[in-house]
Each structure stands twice: as structure tokens, then as C-alpha cells.
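Numbering (the numbering used here), first residue to last: 109 to 371.
Notes follow once the structure below has been shown.
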């Protein structure tokens, strides 16, 4: 091995190690930050669900859909987190020596882990709700059609809700990166673009909010479960690729550490 080849190998090893550190830093920040706030989200969601159930029980009009909708709002919480967190981190990551590539990969991992774990939490809450309603003799049949029948299908519910949470999280990240790097007008266009993978996932996974109606409009409401899950995963892939394209073109604004310190 020549000296030049050895130096080239060492440089690639250093670059690879730096890339891994950058990816891990971003991923763990997003996972930890999401769940740090997410604990409060779930505490409030469970409290609101219990309050709704108490009010409905007193009025003798109990609906599993009204209570379960609180747990189903997890994807909207992650959508908002996807908008907030990148605005706080992208410039600092690059200023600290990170790259757009390591930042993008870190976001992918952070969104995937956070989204799937939130999906698990959502499915467990819905299973607990289903068990409570069943034990109390209340109707466990949802009023709105969805891909899984009810909370008793825990495995399918985890997968469906997890995919929903991931795609909504990634869509929020696309919006944040768009407004950060491209200004208001092009940012608005990217908002519309970010909705494409969301709509794809909604059509195939058929959430009870509006996904089933969209699926019925395009004639995909009868898609078999296995193909529907693959369609939901396609939405996640589209959102991840869109995020990559947007971040590659983002102009990073300088971080004025000295000015901040002197102020």
C-alpha cells in the first residue's frame, strides 16, 4: 500500500466516522426531544380521553370513536414537532461540522424511531380502550371505517399507526426545511408537495378521519391489507425522498455565536 493510498483510506475512515457521529447526534436529539415533549402529550391525551369518557358516560351516550380520536391525534402532534425541531437544529448542525447528508440521515432515523414508537403507544392506548369498552358492555365497533377493525388487532394497529406517524413527521420536516431555505412562496408550494405522501398513506391505510373517504373516491377502499400496508410504506418512502431533495437545496443561514454571546 502506497503512502497516498494509505492517506486516502485514513481520510475516508475519518469522514465515515464523522458522518456516523453526525447522524447519531441528530437522530438521538430528535428521538429524545420528541419523547421529552411526547410524555406530556400522552399525559394530556389520556386525561382528555378520560374526561370525554366521563362526560359521555354521565350522558349515557358512550362512543369509542370520540375517545379513540384522542389517541389517533399522535400523528398530528408529530407533524407539528416535525416543523419545530428542524428549525432549531439545522444551522447548528452544519456550523458544528455536520453535513446536509448526515443531517438528512439523522432525520430519517429520528422520524422512523419516533414515529414507530408513537405508533406502538397509540395502538396500546386503543387496545386498552377496546378492552375497557368490552368489559363495560359498551359497543367496541368504530363509527368510522379504517384498515384495522378495532383496537383488538394490536399488531396491525401498531403497523398502521406507526406508518402514519412516520409519514406525518417527515411531512412536517419537509415544510420546516422549505420555509427555512426557500422563503415564503416556495415554502407554500412545498407545503402542497409534502401533502402528496401524506395523501398516499391516507388512501392506502384508510384512517378514520378522511383516509377512507379518499380511498373510496379513487376506488382503493377495497385494497387487501398487505397491499394497503405496502402503499402506506410507499408514502413514507416518498416523504423521505422529498425531504432529501429539499435539504440538498437548502441555503444554510449563518449562526452568529459571538453576537449571541455578546448580547
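Don't be surprised by glycine CBs; every beta carbon is placed ideally from N, CA and C.
Check, Outcome
"What would DSSP say about residue 318, mapped onto helix, strand or coil?", "coil"
"What would DSSP say about residue 302, mapped onto helix, strand or coil?", "helix"
"With burial defined as no fewer than 16 other Cβ atoms inside 10 Å of the residue's Cβ, what is the status of residue 271: buried or exposed?", "buried"
"Could you check what DSSP says for residue 309 in three-state terms: helix, strand or coil?", "helix"
"Enumerate in chain order the residues of its own chain whose CB-to-CB distance from residue 357 is below 6 Å, with the five nearest sequence positions on each side excluded.", "none"
"Spatial neighbours of residue 312 within its chain, please: C-beta separation below 6 Å, excluding the five flanking residues on both sides.", "336, 339, 340"
"For the alpha helix (DSSP H) containing residue 217, list its first residue and its last residue.", "208–244"
"So residue 190 packs on residue 253, CB below 8 Å; how close in whole Å?", "Not a contact, Cβ separation roughly 27 Å."
"Please list the terminal residues of the continuous alpha helix (DSSP H) segment that includes residue 192.", "182–203"
"Out of curiosity, what's the CA-to-CA distance linking residue 267 and residue 220?", "12 Å"
"Could you check the C-alpha separation between residue 126 and residue 217 for me, to the nearest Å?", "17 Å"
"For residue 124, which three-state DSSP category applies?", "helix"
"Quick check: what's the CA-CA separation for residue 155 versus residue 149?", "10 Å"
"Going by C-alpha distance, which of 167, 226, 234, 135 is nearest residue 157?", "234"
"If you check the beta carbons only, do residue 347 and residue 274 fall under 9 Å apart?", "yes"
"Under 9 Å, do residue 134 and residue 210 count as touching if we go by C-beta distance?", "yes"
"Would you kindly check if the distance between the Cβ of residue 180 and the Cβ of residue 315 is under 9 Å?", "yes"
"When you compare each of 175, 141, 142, 201 to residue 130 by their alpha carbons, which one comes out closest?", "201"
"Residues in the same chain with beta-carbon distance under 8 Å from residue 205, minus the five sequence neighbours each way, listed in chain order, please.", "126, 130"
"Please report the residue range of the alpha helix (DSSP H) in which residue 343 lies.", "333–356"
"Whole angstroms are fine: how far does the CA of residue 138 sit from the CA of residue 171?", "35 Å"
"CA-CA distance, residue 276 and residue 119?", "38 Å"
"Can you say whether residue 292 is buried or exposed, counting buried as having 16 or more other CB atoms within 10 angstroms of its CB?", "exposed"
"Check this for me: beta carbons of residue 289 and residue 334, under 9 Å apart or not?", "no"
"To the nearest whole angstrom, what separates the beta carbons of residue 193 and residue 141, a pair I think is in contact under 8 Å?", "6 Å"
"Taking residue 145 as the reference, give the member of 169, 182, 161 with the closest Cα.", "182"
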